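A short worksheet on the structure shown next.
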Amino acid sequence: MHCVGLGVCRQFAGLWFDSKNSNEEFYFGDRIDVVDNLITSFFPTSTFLRTPRKLSDRVHFKAHEWVAFLFVYSLPILKLVFPKKFVDHWALLVDGISILVKKSVMKSELVYAGQCLHEFITGVESLYGKKHVSFNVHLLAHLSESVKNWGPLPTHSAFIYEDFNQTIQEYVKSSNGVHIQICDSFRIKCCIDRLLIICQNHLNHKQKKYLDEMLNRKSRPSSKLLLGNVGVLGKPVILSQLLPYQLTAFQRSEIIVNKNGIFFIYKRGIINEKIITSTSYTREKKEQILMFN
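Numbering (full-length UniProt numbering), first residue to last: 1 to 293.
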């Protein structure tokens with residue numbers, strides 16, 4: 001979180017786009033508008049659901065946004081904007097960290113990730129100058145060893161505590177006895193969580209809904225019409241006749257339909273527990289996993 005996201009990623013975005021580096025070879029601030037247009041044209045993945053923001057607004061980026069930039073958006077954008085030597089150098093960081101955050105890392109992958117990160121560190125000095133080999137850049141050299149000793153990076157990163165900071169803030173209702181408010185609210189929450197585990201199989205829908213609202217938990221949309229791992233969501237639109245592109249889609253799927261029948265069209269669905277939407281569904285479209293027509 002702090003080494004890679006808030007550290008290296010933020011540092012290099014500053015090197016590339018801060019005007020104080022305008023005389024440097026690695027300065028690309030004159031292309032920031034192109035980069036902004038590219039990054040905001042992306043749809044988020046199932047892993048990073050936050051809608052991407054312009055890189056010119058990077059001063060407000062959270063750690064998760066920097067990590068999303070590293071893994072998802074950086075290389076496709078840099079390939080279109082930066083010279084090859086800078087892209088190849090950045091790809092070493094993406095490749096190395098991508099391996100170290102996997103749920104399971106083989107020894108051979110660990111060695112390869114370490115090589116990538118060491119090459120990246122060496123490249124920083126040659127491409128950007130020795131003064132930019134920062135403490136966070138140096139820490140990259142120890143990440144492979146950290147994974148070897150403690151497991152994949154997500155198991156011992158600070159990300160798991162980031163969201164809980166907001167929860168702690170919500171426990172504070174006044175300026176008096178802040179520490180007591182936090183402790184009491186936390187103990188109550190722990191008791192409710194334990195009771196929920198014990199009683200969850202005996203609660204009716206109304207009781208579960210009340211507890212979800214009380215605990216601020218969002219329930220995932222569920223489909224009442226399922227076919228294997230595929231389901232539909234929302235209210236259907238009734239069509240008396242298929243449009244040409246819809247009929248073509250059925251034909252390509254080798255599904256025989258009566259084109260003069262009545263059809264129910266759904267704008268949202270679930271495939272393998274992933275929510276998808278059609279292009280005609282506009283609400284929260286930027287947060288969906290897959291778009292199709």
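Built from N, CA and C at the ideal position, the CB exists for glycine as well. None of the values given here were measured: they were computed from a predicted structure.
Discussion item. By DSSP's criteria, I238 is part of a beta bridge. Which residues make up the other side?
Written reply: Mapped onto the sequence shown, residue 238 falls at position 238. Its beta-bridge partners are F264.
- Note down the Cα distance separating L203 from C191, rounded to an integer number of angstroms. Here the question's residue 203 lines up with position 203 in the sequence shown. Here the question's residue 191 lines up with position 191 in the sequence shown. Distance between the alpha carbons of L203 and C191 is about 17 Å.
inquiry  = Between which two residues does the alpha helix (DSSP H) holding G96 run?
reply    = Taking the sequence shown and counting its residues from 1, the one referred to as residue 96 is at position 96. Note, G96: alpha helix (DSSP H), K84 to L100.
Which one of K209, L247 and G269 has the shortest CA to CA distance from I262?
Numbered from its first residue, the sequence shown carries residue 262 at position 262. When only C-alpha atoms are compared, the closest one is L247.
* Which one of E24, A13, K189 and G29 has the shortest CA to CA distance from S126? -> Within the sequence shown, residue 126 is the residue found at index 126, counting from 1. The residue with the shortest Cα to Cα distance from S126 is E24.
Hey, is the stretch 33-45 in contact with the stretch 64-81, meaning 3+ C-beta pairs nearer than 8 Å? yes
Q. What's the gap between the Cα of F250 and the Cα of D33?
A. Looking up residue 250 in the sequence shown gives position 250. Looking up residue 33 in the sequence shown gives position 33. For F250 and D33, the distance between alpha carbons rounds to 41 Å.
Q.
Rounded to the nearest angstrom, what separates N229 and P236 at their Cα positions?
A. Locating residue 229 in the sequence shown gives position 229, counting from the first residue. Locating residue 236 in the sequence shown gives position 236, counting from the first residue. Whole-angstrom Cα-Cα distance: 19 Å.
| task | For V230, name the three-state secondary structure that DSSP assigns. | result | As a first step, residue 230 is located in the sequence shown; it is residue number 230 there, counting from the start. V230: strand per DSSP, three-state reduction.
Backbone secondary structure at L225 - three-state DSSP: On the sequence shown, position 225 is the one that residue 225 refers to. Of the three classes helix, strand and coil, the one that applies to L225 here is strand, per DSSP.
Beta-carbon separation of residue 306 and V147 under 8 Å?
For the chain, the structure presents residues 1 to 293; residue 306 sits outside this window and is missing.
task: Give the straight-line distance between the Cα atoms of S280 and V133, rounded to the nearest whole angstrom.
output: Taking the first residue of the sequence shown as 1, we reach residue 280 at position 280. Taking the first residue of the sequence shown as 1, we reach residue 133 at position 133. Approximately 48 Å, taken between the alpha carbons.
| request: Please state whether DSSP places K79 in a helix, a strand or coil. | output: For this step, residue 79 is matched to residue 79 along the sequence shown. K79 falls in the helix class under three-state DSSP.
Legend entry - Which of helix, strand or coil DSSP assigns to G151: Translated into the one-based positions of the sequence shown, residue 151 becomes position 151. Reduced to three states, the DSSP call for G151 is coil.
Practice item. Express the C-alpha separation of N136 and Y171 in angstroms, rounding to a whole number. Key: Translated into the one-based positions of the sequence shown, residue 171 becomes position 171. Translated into the one-based positions of the sequence shown, residue 136 becomes position 136. In a straight line, the C-alpha of Y171 is about 34 Å away from that of N136.
- Query: Straight-line CA distance for T51 to F186?
  - Reply: The residue given as residue 51 occupies position 51 in the sequence shown. The residue given as residue 186 occupies position 186 in the sequence shown. Answer to the nearest angstrom: the Cα atoms are 31 Å apart.
Reduced DSSP category for G7 - H, G, I as helix; E, B as strand; rest coil: For the purposes of this step, residue 7 is identified with residue 7 of the sequence shown, where counting begins at 1. Correct three-state label for G7: helix.
Assign R50 to one of three DSSP states: helix, strand, or coil. Here residue 50 is taken as the residue at index 50 of the sequence shown, counted from 1. If DSSP states are grouped into helix, strand and coil, R50 belongs with coil.
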